[in-house]
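The structure appears right after this line, and notes come after that.
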Amino acid sequence: MAIVTFRSFAAFGLGCDSGLVIIRWEVDTRIAAVDALEVLDSRGNPTVEAQVTLRSGSRGDALVPSGASTGQHEALELRDGDPHRYLGKGVRKAVTHIRVEIADRLVGMQAADQAALDKALVELDGTPNKARLGANAILAVSLAAAKSVAAANGRSLFRSLGGEQAVTLPVPMLNILNGGAHTGWQTTDVQEFMVMPLGAPTFSEGLRWGVEIYHALGVVLKRNGYTVLVGDEGGYAPALKANAEAVELILEAIEQAGYQAGQQVGLALDPAASEFYSAGVYRLRREGRELDAHRMVEYWVSWVKQYPIVSLEDGLAQDDWEGWKVLSSELGDRIQLVGDDLLVTNPARVRIAITERACNALLVKVNQIGTLSEAIEAVKLCREVGWATVASHRSGETEDSTIADLAVGLSMPQIKAGAPARSDRVAKYNRLLRIERELGVAAKYAGWAALKQSGRTI
Ligand code: PGA
Ligand code: ZN
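Spelled out as structure tokens, the structure:
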């Protein structure tokens, strides 16, 4: 089979498969314009939207999300700090950086050369944590550029990033009960209680299981006299008496919905422990307990013994490396231990964690690092050592569903996108349903294989 590539500077171009000869019509992806706008996220806070327009006329738009339980080692989200606008949270400075400096640097570059484009952005910023231009400004442009290239080639973003290999739909981690900072500390110390429909045959079936469990949980909560109001990520936010009560109620909901916990559906937790840690002490306010790292590890070990938990994210704080090593030696061969605040999608921290054997999976939040290329590098590092990766939203989200395409395009076997409620969350799941349909018979569901390190001991 011959591959003939035409390079054209025409205003349009499409790949076509003519049987024996694949004709690739590569369009010109030189950037004509870069623009930006201050818009709002799901919490009513300003965020950055960027548009990259190519000379061919194709365009990509991207909106950046924002965290509440933000890791200390994340790239910097630039806010105006002007108390007269949006309580200091405006992003006009970041928007201006895109419209002036970034546009000036990128116009004329080939958007298809993502690595060169991201390198130019990093160099233009010139700081180690993207503090000058703002990681929100840089990421919006980095993602918008990737989307403009996909549009120019008439392809979906997942296809544009992953080619023919991109056929695996991730297992969703549905955060059906919210706590911690995402509920103003009104519910539990643990931030996220998630269900994973690992035993489903397809993504769409798995999503349906998760939705049914979510609704069953609403019924269980009402029956127990709790509210069914929701937190930042769409999960219920009842004022429970203890953290473990959340797990008990969710197990009841799984059963009520007609599924088997452990066999078909696994539990995943994100305590976001950095949020309740200080000076060597983990404070579980809900339970009136103060634990050192060893006791905190024992706490999780007892939960794993008792409940069908398959994944634990940020079970310890972001700089408690010694504690993480103990946690890994205790649980690393039984469940998935995901580094979020610990790793902040930063290849340098991922390398340390691999060497130190601190965890065995990476949470991928592109806005923690600020460019698509660096996030891809982190994912590749994990793949080399057999770690699983989890594409992730932030608690402050938008209608932008790019992470769904990133999950499939970069072959990440899991995705964390909140409860199946509120459009900022559901947009990601709906996008995955569309990708599943686009893939047709080629679509695969990651299923149990998503948990690479899990001994499936539940
Ligand atoms: P955040 O929380 O987006 O508020 O940081 C999500 C998480 O901790 O995974
Ligand atoms: Zn987290």
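To convert, note that position 1 of the sequence shown is 6 in the working numbering; the numbers rise steadily by one, no gaps. All C-beta atoms in this analysis are idealised placements derived from N, C-alpha and C, irrespective of residue type, glycine included.
**OP:** State yes or no: is the C-beta of A273 nearer than 7 Å to some heavy atom of the ligand ZN?
**Re:** For the purposes of this step, residue 273 is identified with residue 268 of the sequence shown, where counting begins at 1. Checking the Cβ of A273 against the ligand ZN gives no.
**OP:** To the nearest angstrom, report how far apart I408 and V224 are at their CA atoms.
**Re:** Locating residue 408 in the sequence shown gives position 403, counting from the first residue. Locating residue 224 in the sequence shown gives position 219, counting from the first residue. Straight-line Cα distance between these residues: approximately 31 Å.
Original post:
Taking just the CA atoms, how far does L245 sit from Y282?
Top reply: The count along the sequence shown starts at 1 and reaches residue 282 at position 277. The count along the sequence shown starts at 1 and reaches residue 245 at position 240. For Y282 and L245, the distance between alpha carbons rounds to 21 Å.
Subject >> A140 CB to nearest heavy atom of the ligand PGA below 7 Å >> reply: What you label residue 140 is simply residue 135 of the sequence shown in a count that begins at 1. Not under cutoff, so the answer is no.
Original post:
Buried or exposed: where does K310 fall if 16 or more other Cβ atoms within 10 Å of its Cβ makes it buried?
Top reply: Numbered from 1 along the sequence shown, position 305 holds the residue referred to as residue 310. Counting Cβ neighbours within 10 Å, K310 comes out exposed, since fewer than 16 surround it.
Original post:
Going straight from the alpha carbon of S74 to that of A412, what length do you get?
Top reply: Within the sequence shown, numbered from 1, the residue matching residue 74 stands at position 69. Within the sequence shown, numbered from 1, the residue matching residue 412 stands at position 407. In a straight line, the C-alpha of S74 is about 22 Å away from that of A412.
**OP:** Could you give the DSSP three-state label for Q119: helix, strand or coil?
**Re:** Locating residue 119 in the sequence shown gives position 114, counting from the first residue. Q119: helix per DSSP, three-state reduction.
Subject >> Distance cut-off 7 Å: G482 Cβ against heavy atoms of the ligand PGA >> reply: Residue 482 falls outside the range modelled here, since the chain spans only 6 to 463, and no answer is possible.
Subject >> Residue range of the unbroken alpha helix (DSSP H) whose run includes T101 >> reply: As a first step, residue 101 must be located in the sequence shown, where it is residue number 96. DSSP places T101 inside the alpha helix (DSSP H), whose first and last residues are R97 to H102.
Original post:
From A258 to N180, what distance separates their C-alpha atoms?
Top reply: As a working mapping, residue 258 is identified with position 253 in the sequence shown. As a working mapping, residue 180 is identified with position 175 in the sequence shown. When rounded, the distance between both Cα atoms is 14 Å.
**OP:** Can you check the stretch 196–260 for any alpha helix (DSSP H) of at least 4 residues that lies completely inside it and give the ranges in chain order?
**Re:** Segments of the alpha helix (DSSP H) lying fully in the stretch 196–260: 208–228.
Original post:
Is any heavy atom of the ligand ZN found at a distance shorter than 7 Å from the C-beta of E238?
Top reply: Working through the sequence shown from its first residue, we reach residue 238 at position 233. Not so, every heavy atom of the ligand ZN lies at least 7 Å from the Cβ.
Subject >> Contact under 8 Å by Cβ, S161 with I440 >> reply: The residue labelled residue 161 in the question sits at position 156 within the sequence shown. The residue labelled residue 440 in the question sits at position 435 within the sequence shown. Closer than 8 Å, so yes.
Subject >> Cβ separation of L272 and P243, assumed to be a contact under 8 Å, to the nearest whole Å >> reply: As a working note, residue 272 is residue 267 in the sequence shown. As a working note, residue 243 is residue 238 in the sequence shown. Not confirmed; about 17 Å, so no contact.
**OP:** Just grab the DSSP bridge partners of Q77 for me.
**Re:** Here residue 77 refers to the residue found at position 72 of the sequence shown. DSSP lists no partner for Q77.
**OP:** Look up L144 in the DSSP assignment and say whether it is helix, strand or coil.
**Re:** Indexing the sequence shown from 1 puts residue 144 at position 139. Helix at L144.
Original post:
If we ignore side chains and look at the alpha-carbon of each, how far apart do V331 and V302 end up?
Top reply: Locating residue 331 in the sequence shown gives position 326, where the first residue counts as 1. Locating residue 302 in the sequence shown gives position 297, where the first residue counts as 1. The straight-line gap from Cα to Cα measures roughly 7 Å.
Subject >> C-alpha gap between W2 and G320, whole angstroms >> reply: In the structure displayed, the chain extends from 6 to 463; residue 2 sits before or after that span and is not available.
Original post:
Does the beta-carbon of N158 have 16 or more other beta-carbons within 10 angstroms, so that it is buried, or is it exposed?
Top reply: Here residue 158 refers to the residue found at position 153 of the sequence shown. Buried, because 16 or more other Cβ atoms sit within 10 Å of the Cβ of N158.
Original post:
Would DSSP call Q191 helix, strand or coil?
Top reply: As a working mapping, residue 191 is identified with position 186 in the sequence shown. Three-state DSSP puts Q191 in coil, outside helix and strand.
Original post:
What does a CB cutoff of less than 7 Å around G211 pick up in its chain, not counting 5 residues either side in sequence?
Top reply: Mapped onto the sequence shown, residue 211 falls at position 206. Taken in chain order, the residues that qualify are V176, P177, P202, A205 and Y450.
**OP:** State whether the stretch 129–149 contacts the stretch 366–379, with contact taken as three or more CB pairs (one from each stretch) at a distance under 8 Å.
**Re:** The stretch 129–149 is in contact with the stretch 366–379.
**OP:** For G167, I'd like the list of residues in its chain whose CB is within less than 7 Å of its CB, leaving aside the five on either flank, ordered along the chain.
**Re:** For the purposes of this step, residue 167 is identified with residue 162 of the sequence shown, where counting begins at 1. The residues V413, G414, L415 and S416, in chain order, have a CB closer than 7 Å to that of G167 in the same chain once the five nearest residues on each side in sequence are set aside.
Original post:
Hey, E327 and A298 are a contact pair by Cβ (cut 8 Å); roughly how many whole angstroms apart?
Top reply: Residue 327 sits at position 322 when you count from the first residue of the sequence shown. Residue 298 sits at position 293 when you count from the first residue of the sequence shown. Confirmed, about 7 Å.
**OP:** Could you tell me if the beta carbon of E318 falls within a distance shorter than 7 Å of some heavy atom in the ligand ZN?
**Re:** Start at 1 with the first residue of the sequence shown, and residue 318 comes out as number 313. Indeed, a heavy atom of the ligand ZN lies less than 7 Å from the Cβ.
**OP:** Below 6 Å CB to CB, which residues in the same chain sit around L129 once its five sequence neighbours on both sides are set aside?
**Re:** In the sequence shown, residue 129 corresponds to position 124, counting from 1. Counting only Cβ-Cβ distances below 6 Å, and skipping sequence neighbours, we find R110.
Original post:
Which of helix, strand or coil does DSSP assign to K457?
Top reply: Along the sequence shown, one-based indexing puts residue 457 at 452. In the structure shown, K457 sits in coil (DSSP, three-state: anything other than H, G, I, E or B).
Original post:
If you draw a straight line from the alpha carbon of R356 to that of L386, how long is it in whole angstroms?
Top reply: As a position in the sequence shown, residue 356 is number 351, starting the count at 1. As a position in the sequence shown, residue 386 is number 381, starting the count at 1. Cα to Cα, R356 sits roughly 8 Å from L386.
Subject >> Assumed close pair N183, E250 - CB separation to whole angstroms, cut-off 8 Å >> reply: In the sequence shown, the residue the question calls residue 183 occupies position 178. In the sequence shown, the residue the question calls residue 250 occupies position 245. About 14 Å; that fails the 8 Å criterion.
Original post:
Do you know offhand how far L348's Cα is from L342's?
Top reply: Residue numbering aside, residue 348 sits at position 343 when the sequence shown is read from its first letter. Residue numbering aside, residue 342 sits at position 337 when the sequence shown is read from its first letter. Rounded to whole angstroms, L348 to L342 spans 12 Å at the Cα level.
Subject >> Three-state class that DSSP yields for K94 in the structure shown >> reply: Locating residue 94 in the sequence shown gives position 89, where the first residue counts as 1. Here K94 sits in coil by DSSP.
Subject >> Segment limits, beta strand (DSSP E) that includes S316 >> reply: Locating residue 316 in the sequence shown gives position 311, where the first residue counts as 1. Taken as a continuous stretch (DSSP letters only), the beta strand (DSSP E) holding S316 covers I314 to E318.
**OP:** Go through its chain and collect everything with a Cβ distance to G263's Cβ below 8 Å, but skip five positions before and after it.
**Re:** Position 258 of the sequence shown, counted from the first residue, corresponds to residue 263. These residues qualify, in order along the chain: E217.
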